[in-house]
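K.L.:
Sharing a structure below in structure tokens format, with a few things to ask.
2 protein chains.
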Amino acid sequence: MPPGSAPSFPIDSAPHSRARIVDDLPTETLADVGSLRPLGQIKESFIIASGYDGLWIIDQHVAHERILFEKVLHNRQANAPESQRLLMPIIVTLTPEQQVAFDRINDELFAAGFEIEPFGHRTVAVKASPAGLSPSEIETLLHEILETPDRELRELSIDDLQKQVAATIACHAAIKINTPLDPAKMRWLLDELAKTECPMACPHGRPIALKYGLKDILKAFHRI
Amino acid sequence: MPPGSAPSFPIDSAPHSRARIVDDLPTETLADVGSLRPLGQIKESFIIASGYDGLWIIDQHVAHERILFEKVLHNRQANAPESQRLLMPIIVTLTPEQQVAFDRINDELFAAGFEIEPFGHRTVAVKASPAGLSPSEIETLLHEILETPDRELRELSIDDLQKQVAATIACHAAIKINTPLDPAKMRWLLDELAKTECPMACPHGRPIALKYGLKDILKAFHRI
Chain D
3 MPPGSAPSFP IDSAPHSRAR IVDDLPTETL ADVGSLRPLG QIKESFIIAS GYDGLWIIDQ
63 HVAHERILFE KVLHNRQANA PESQRLLMPI IVTLTPEQQV AFDRINDELF AAGFEIEPFG
123 HRTVAVKASP AGLSPSEIET LLHEILETPD RELRELSIDD LQKQVAATIA CHAAIKINTP
183 LDPAKMRWLL DELAKTECPM ACPHGRPIAL KYGLKDILKA FHRI
Chain B
3 MPPGSAPSFP IDSAPHSRAR IVDDLPTETL ADVGSLRPLG QIKESFIIAS GYDGLWIIDQ
63 HVAHERILFE KVLHNRQANA PESQRLLMPI IVTLTPEQQV AFDRINDELF AAGFEIEPFG
123 HRTVAVKASP AGLSPSEIET LLHEILETPD RELRELSIDD LQKQVAATIA CHAAIKINTP
183 LDPAKMRWLL DELAKTECPM ACPHGRPIAL KYGLKDILKA FHRI
């Protein structure tokens with residue numbers, strides 16, 4: 003395939019808000035991530051960084067997702083969500099099942115930074131949303147959260163519900179792939195990632211970073 | 003290990019001028035190397051580059067070795083070696099075996115850009131050397147070439163001898179590892195490498211470039 007005709011990356015479109023939230027991954031790599039020096043991006047999707055122990059590749063979307071997940075969850079637990087008022091309310095139509103889910107978790111959505119009011123038959127008006135969310139994401143996000151079947155919602159602990167809402171917000175507010183980042187933004191992302199409790203995997207367990215260790219590089223080049 | 007205390011790379015010290023010269027490797031990756039965009043170095047030894055088909059790691063020393071090898075050999079075959087006169091002759095003492103080898107291949111050394119004259123008992127004076135060689139490398143290089151046992155030299159074809167001399171010169175004149183390169187120098191190195199007949203392996207068959215393909219990266223991040 004000639005240069006220039008490389009395919010764009012598949013956009014991270016598969017909703018996964020109902021997957022198990024992973025928060026028990028090892029944290030021993032925390033210091034490693036903090037020592038990284040960003041070199042650039044490939045395909046405007048993955049940050050390439052140099053570490054003292056090798057070459058790192060960071061998925062910019064899931065890295066930002068992890069940062070936002072911990073921030074949203076922390077603010078929620080401190081009852082201090084960061085919210086933004088919308089210029090115009092966004093009107094969202096719900097299915098009967100989504101309406102049931104909405105009635106059950108609207109208090110939790112409010113605690114996470116949403117302000118949503120009934121607006122006639124199976125319709126709601128979103129007047130405020132968690133900070134950082136683009137208005138164009140709000141309808142999709144709301145449908146995604148409200149897709150959880152009622153049976154499942156009733157079995158969910160408050161803790162799990164909070165995490166699920168935070169993970170869905172984080173996924174929709176995070177930097178997308180196929181997005182150019184300048185060096186300062188890459189630096190910021192790696193610094194913020196290093197401050198998270200779990201910098202190696204997104205809330206759904208997808209890897210954030212790959213490492214090509216120095217020893218393996220040396221071996222591949224027949225240098226050791 | 004904390005950042006900053008990472009070990010320096012082992013310097014490329016093992017002489018390998020007598021290994022078989024490899025010049026029959028596949029060349030279908032030529033276009034790929036030409037499309038690379040350098041992002042930076044790791045450990046001031048390996049150039050990290052972005053290609054349309056993935057992430058590349060290039061060993062700067064062996065890449066330059068390949069470039070110089072083809073250039074020196076081409077000039078030799080055109081009887082137009084690039085030579086540099088030394089400010090002061092370098093006096094080199096030879097073992098009896100090296101003296102035998104010197105007498106046998108001095109004409110070939112001259113054709114490659116050396117100007118070496120007898121200087122008393124088992125001693126020679128180097129007055130000129132191939133361009134690009136640092137004077138501090140000349141004694142080691144000469145000993146390395148002249149280490150070839152006479153029995154082996156007698157069996158060597160002219161063609162193989164020319165390649166062996168060119169490979170040894172290239173190895174000693176090439177950019178070392180643990181050397182910082184600015185973006186222009188990295189760009190130059192990749193451009194020159196793309197012009198070589200065999201950009202994927204050094205004259206002794208060591209790999210020049212490793213590629214981490216886009217598909218493999220996407221798989222590792224659970225994106226396909």
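Protein sequences, first through last, are from chains D and B.
According to our numbering, the first sequence is numbered sequentially starting from 3.
According to our numbering, the second sequence is numbered sequentially starting from 3.
All C-beta atoms in this analysis are idealised placements derived from N, C-alpha and C, irrespective of residue type, glycine included.
No experiment lies behind these values; they were computed from the predicted model shown.
(1) Mapping the DSSP letters down to three states, classify residue 61 (chain B) as helix, strand or coil.
(2) I'd like to confirm the pairing. Which residues does DSSP put opposite residue 212 (chain B) in its beta bridges?
(3) Contact criterion: CB-CB distance below 8 Å. Does residue 124 (chain D) meet it with respect to chain B?
(4) Alpha carbon to alpha carbon, what distance is there between residue 57 (chain B) and residue 210 (chain D)?
(5) Let me know the secondary structure DSSP gives residue 122 (chain D) once reduced to three states.
(6) Are the CB atoms of residue 127 (chain D) and residue 91 (chain D) within a distance shorter than 8 Å?
(7) Going by DSSP, which residues form a beta bridge with residue 39 (chain B)?
(8) Return the chain-ordered list of same chain residues with a C-beta closer than 7 Å to the C-beta of residue 108 (chain D), the five sequence neighbours on each side being excluded.
(9) Using only the alpha-carbon positions, how far apart do residue 219 (chain B) and residue 106 (chain B) sit?
(10) For a contact meaning CB atoms closer than 8 Å, what does residue 208 (chain B) contact in chain D?
(11) Name, please, each residue of chain D whose Cβ falls closer than 9 Å to the Cβ of residue 212 (chain B).
(12) What does residue 50 (chain D) reach in chain B if we use C-beta pairs closer than 7 Å?
(13) Run through the DSSP bridge pairs and tell me what residue 47 (chain B) is partnered with.
(14) Which of the three DSSP states is assigned to residue 185 (chain D) in this structure?
(15) Mind checking whether residue 116 (chain B) and residue 132 (chain B) have CB atoms under 8 Å apart?
(16) Between residue 68 (chain D) and residue 183 (chain D), how many whole angstroms is the CB-CB distance? I'm expecting something under 8 Å.
(17) Select from D:74, D:47 and D:59 the residue whose C-alpha is nearest the C-alpha of residue 172 (chain D).
(18) Please compile the residues from chain B whose C-beta is within a distance smaller than 7 Å of the C-beta of residue 61 (chain D).
(19) Does DSSP put residue 129 (chain D) in a helix, a strand or coil?
(20) Quick check on residue 203 (chain B): does DSSP put it in helix, strand or coil?
(21) If we ignore side chains and look at the alpha-carbon of each, how far apart do residue 149 (chain D) and residue 200 (chain D) end up?
(22) Since residue 41 (chain D) and residue 42 (chain B) should fall inside the 8 Å C-beta cutoff, what is the C-beta to C-beta distance between them, to a whole number of angstroms?
(23) Check the C-beta distance from residue 144 (chain D) over to residue 102 (chain D) and give it rounded, since I have them as a contact under 8 Å.
(24) Answer with yes or no whether the minimum CB distance from residue 45 (chain D) to chain B is below 8 Å.
(25) Return the CA-CA distance between residue 190 (chain B) and residue 186 (chain D), expressed in angstroms with no decimal places.
(26) Residue 62 (chain B) to residue 82 (chain D), Cα distance in whole Å?
(27) In the DSSP output, which residue or residues are listed as bridge partners for residue 95 (chain B)?
(28) Under a three-way DSSP split, which group does residue 117 (chain D) fall into?
(29) Going by Cα to Cα distance, which pick from B:225, B:129 and B:64 is closest to residue 225 (chain D)?
(30) Hey, out of B:197, B:164 and B:71, whose CA is closest to residue 207 (chain B)'s CA?
(31) Can you say whether residue 78 (chain B) is buried or exposed, counting buried as having 16 or more other CB atoms within 10 angstroms of its CB?
(32) Using a Cβ-Cβ cutoff of less than 7 Å, which residues in the same chain neighbour residue 34 (chain D) once the five nearest sequence positions on both sides are dropped?
(33) Can you tell me whether residue 30 (chain D) is buried or exposed? The criterion is at least 16 other CB atoms within 10 Å of its CB, across all chains shown.
(34) Distance, Cα to Cα, residue 205 (chain D) vs residue 45 (chain B)?
(35) With a threshold of 16 other CB atoms inside 10 Å of the CB of residue 66 (chain B), please say whether the residue is buried or exposed.
P.N.:
The short version:
(1) To locate residue 61 (chain B), count along the second sequence from 1; it is residue 59. Strand, per DSSP.
(2) Counting from one through the second sequence, the residue named residue 212 (chain B) turns up at place 210. B:59, per the DSSP bridge assignment.
(3) Here residue 124 (chain D) corresponds to residue number 122 of the first sequence, with the count starting at 1. Taking Cβ atoms only, chain B never reaches closer than 8 Å to residue 124 (chain D), which makes this a no.
(4) Taking the first residue of the first sequence as 1, we reach residue 210 (chain D) at position 208. Taking the first residue of the second sequence as 1, we reach residue 57 (chain B) at position 55. If I take the Cα positions, the gap works out to 17 Å.
(5) As a first step, residue 122 (chain D) is located in the first sequence; it is residue number 120 there, counting from the start. Residue state, collapsed to three classes: coil.
(6) By one-based count along the first sequence, residue 91 (chain D) stands at place 89. By one-based count along the first sequence, residue 127 (chain D) stands at place 125. Closer than 8 Å, so yes.
(7) On the second sequence, residue 39 (chain B) is found 37 positions in, with the first residue counted as 1. Its beta-bridge partners are B:52.
(8) Taking the first sequence and counting its residues from 1, the one referred to as residue 108 (chain D) is at position 106. Answer for residue 108 (chain D): 118, listed in chain order.
(9) Residue mapping note: residue 219 (chain B) aligns to position 217 of the second sequence, counting from 1. Residue mapping note: residue 106 (chain B) aligns to position 104 of the second sequence, counting from 1. Taking the straight line from one Cα to the other gives about 53 Å.
(10) Against the second sequence, residue 208 (chain B) aligns to sequence position 206. Ordered by position in chain D, the residues that pass the 8 Å Cβ test against residue 208 (chain B) are 223 and 224.
(11) Along the second sequence, read from residue 1 onward, the residue named residue 212 (chain B) stands at position 210. The contacting residues are 214, 219, 222 and 223.
(12) Along the first sequence, read from residue 1 onward, the residue named residue 50 (chain D) stands at position 48. By Cβ distance, chain B contributes 41, 50 and 57.
(13) Translated into positions along the second sequence, residue 47 (chain B) becomes position 45. DSSP output for residue 47 (chain B) lists no bridge partner at all.
(14) The residue labelled residue 185 (chain D) in the question sits at position 183 within the first sequence. Reduced to three states, the DSSP call for residue 185 (chain D) is helix.
(15) As a position in the second sequence, residue 116 (chain B) is number 114, starting the count at 1. As a position in the second sequence, residue 132 (chain B) is number 130, starting the count at 1. Yes, the pair counts as a contact, with Cβ atoms nearer than the cut-off.
(16) Taking the first sequence and counting its residues from 1, the one referred to as residue 68 (chain D) is at position 66. Taking the first sequence and counting its residues from 1, the one referred to as residue 183 (chain D) is at position 181. Not quite, the Cβ-Cβ distance comes to about 16 Å (not below 8 Å), so this is no contact.
(17) Along the first sequence, one-based indexing puts residue 172 (chain D) at 170. Residue 172 (chain D) has its Cα closest to that of D:74, out of D:74, D:47 and D:59.
(18) Position 59 of the first sequence holds residue 61 (chain D). In chain order: 223.
(19) The residue labelled residue 129 (chain D) in the question sits at position 127 within the first sequence. If DSSP states are grouped into helix, strand and coil, residue 129 (chain D) belongs with the strands.
(20) For the purposes of this step, residue 203 (chain B) is identified with residue 201 of the second sequence, where counting begins at 1. Looking at residue 203 (chain B) - three-state DSSP - the assignment turns out to be strand.
(21) Reading the first sequence from its first residue, position 147 is the one you call residue 149 (chain D). Reading the first sequence from its first residue, position 198 is the one you call residue 200 (chain D). So the two alpha carbons sit approximately 27 Å from each other.
(22) Residue mapping note: residue 41 (chain D) aligns to position 39 of the first sequence, counting from 1. Residue mapping note: residue 42 (chain B) aligns to position 40 of the second sequence, counting from 1. Right, their Cβ atoms sit about 4 Å apart.
(23) Locating residue 144 (chain D) in the first sequence gives position 142, where the first residue counts as 1. Locating residue 102 (chain D) in the first sequence gives position 100, where the first residue counts as 1. Wrong, their Cβ atoms sit about 14 Å apart, outside the cutoff.
(24) Stepping through the first sequence from its first residue, residue 45 (chain D) is reached at position 43. At least one chain B Cβ lies under 8 Å of residue 45 (chain D).
(25) Here residue 190 (chain B) is taken as the residue at index 188 of the second sequence, counted from 1. Here residue 186 (chain D) is taken as the residue at index 184 of the first sequence, counted from 1. Roughly 26 Å between the two C-alpha positions.
(26) Position 60 of the second sequence, counted from the start, is the residue given in the question as residue 62 (chain B). Position 80 of the first sequence, counted from the start, is the residue given in the question as residue 82 (chain D). Near 52 Å, if we compare the C-alpha coordinates of residue 82 (chain D) and residue 62 (chain B).
(27) Within the second sequence, numbered from 1, the residue matching residue 95 (chain B) stands at position 93. Residue 95 (chain B) pairs with B:125.
(28) Counting from 1 along the first sequence, the entry for residue 117 (chain D) is found at position 115. Residue 117 (chain D) falls in the strand class under three-state DSSP.
(29) The count along the first sequence starts at 1 and reaches residue 225 (chain D) at position 223. Looking at the Cα atoms, B:64 is the closest of the given residues.
(30) Counted from its first residue, the second sequence places residue 207 (chain B) at position 205. With distances taken between Cα atoms, residue 207 (chain B) lies closest to B:71.
(31) For the purposes of this step, residue 78 (chain B) is taken as the residue at position 76 of the second sequence. Label assigned to residue 78 (chain B): buried.
(32) As a working mapping, residue 34 (chain D) is identified with position 32 in the first sequence. The residues are 53 and 55.
(33) Along the first sequence, read from residue 1 onward, the residue named residue 30 (chain D) stands at position 28. Confidence at residue 30 (chain D) is low in this model, with a pLDDT of 44, below 50, so its placement is unreliable and the value that follows should be read with caution. The residue is exposed, with fewer than 16 neighbouring Cβ atoms inside 10 Å.
(34) Residue 205 (chain D) sits at position 203 when you count from the first residue of the first sequence. Residue 45 (chain B) sits at position 43 when you count from the first residue of the second sequence. Between residue 205 (chain D) and residue 45 (chain B), the C-alpha separation is close to 32 Å.
(35) Within the second sequence, numbered from 1, the residue matching residue 66 (chain B) stands at position 64. Buried.
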